[in-house]
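Novice: Just dropping this structure here.
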Amino acid sequence: EISYTTKAKGSYKLEVKTNGQSVSRSPFKVMVQSRDIPVLSIGRPGNGEGEIGGLIDVAVDNEGSIVVLEQQNKRVQVFDGKTGQSLRCFAVDGQSPVGLTINYSGQLIITVTNGNRQEIIVYSPEGTVVKTSILYNNVSSGAAVLKDGRIVVTAYPSRWCCLLLQPDGSLIREIGSGRFSSLIVDESRDL
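Going by the working numbering, the letters in the sequence shown line up with residues 150 to 340, in that order.
This is the structure in structure tokens:
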């Protein structure tokens, strides 16, 4: 379950983080009408529709829906951003989903582990696979889409860097070195 409760009425900016990093389009403006009542709650533990199992990442799509990536249930679930109701869910290909981001056209870009290799799978908002790209036998703990559509992913253990990819998943170049665990883009979609 994801829930938030305030102590006073009023207008707030709500910052949402997963794994210590702000989700896309956070912070959100919320109006609290009554104290001690959650502004919004979505899901509860489990594996049925409307239930969340092993929350690994969260994002907000272009319509304001909350998109949740579940590791335990190996699926994406989309919740209404105003009511918290489950709108749809679909299974994610691969052995273990790792990260989620959304591009400007509303496609979901999901990094998954498949054996010893990492893949980027692009899904339509409805859950249809659009494209799969292999990440050169690296493991990724996150991905971000830049304003021009290029994708940045963390890569380890063979490289310990970030990979800059074309929107189609082909490698442009490696960026930096060190142990990156996640990526953040600002409101203008700059790294």
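Beta carbons: idealized from backbone N, C-alpha and C, even for Gly.
Would you mind sorting residue 243 into buried or exposed? The rule is 16 or more other CB atoms within 10 Å of its CB.
Specialist: Buried.
Novice: Can you tell me which of 270, 256, 234 and 264 puts its alpha carbon nearest to the alpha carbon of residue 210?
Specialist: Among 270, 256, 234 and 264, the Cα nearest to that of residue 210 is on 256.
Novice: Determine the DSSP secondary structure at residue 189, reduced to helix, strand or coil.
Specialist: In this structure, residue 189 counts as coil in the three-state DSSP scheme.
Novice: Run through the DSSP bridge pairs and tell me what residue 208 is partnered with.
Specialist: Partner(s): 216.
Novice: Taking the C-alpha atoms as reference points, what is the distance between residue 212 and residue 312?
Specialist: Going by the C-alpha atoms only, they are around 29 Å apart.
Novice: At the level of alpha carbons, what is the spacing between residue 299 and residue 181?
Specialist: Spanning the two alpha carbons is a distance of roughly 37 Å.
Novice: Can you name, in chain order, every residue of its own chain whose Cβ lies under 7 Å from the Cβ of residue 219, other than the five neighbours on each side?
Specialist: Once the five neighbours on either side are set aside, the close Cβ partners of residue 219 are 201, 202, 203, 204, 205 and 226.
Novice: Please name the residue, chosen from 240, 316 and 241, that lies closest to residue 96 on a Cα-to-Cα basis.
Specialist: A query on residue 96 cannot be resolved here, the shown segment of the chain reaching from 150 to 340 and no further.
Novice: Closer than 8 Å by C-beta to residue 176: which residues in its own chain qualify, once you throw out the five before and the five after it? Chain order, please.
Specialist: So the qualifying residues of the chain are 162, 163, 164 and 165.
Novice: I'd like to check one pair, residue 228 with residue 221: are the Cβ atoms closer than 8 Å?
Specialist: Taking 8 Å as the Cβ cut-off, residue 221 and residue 228 do not qualify as a contacting pair.
Novice: Taking residue 159 as part of the beta strand (DSSP E), name the residues at either end of that continuous run.
Specialist: Segment 159 to 163, the beta strand (DSSP E) holding residue 159.
Novice: If contacts are defined as beta-carbon pairs under 8 Å, then residue 280 and residue 248 qualify, I think. What distance do you get, rounded to the angstrom?
Specialist: With a Cβ gap of about 16 Å, residue 280 and residue 248 do not count as contacting.
Novice: Evaluate residue 253 with the Cβ neighbour count: other Cβ atoms within 10 Å of its Cβ, from every protein chain shown; 16 or more gives buried, anything less gives exposed.
Specialist: With fewer than 16 Cβ atoms within 10 Å of its Cβ, residue 253 is classed as exposed.
Novice: Report the residue from 196, 273 and 294 whose alpha carbon sits nearest the alpha carbon of residue 250.
Specialist: Considering only alpha carbons, the answer is 294.
Novice: Look up residue 295 in the DSSP assignment and say whether it is helix, strand or coil.
Specialist: Coil at residue 295, not helix or strand.
Novice: Within a Cβ cutoff of 7 Å, which residues of the same chain sit near residue 263, ignoring the five residues on either side of it in sequence?
Specialist: The residues are 243 and 244.
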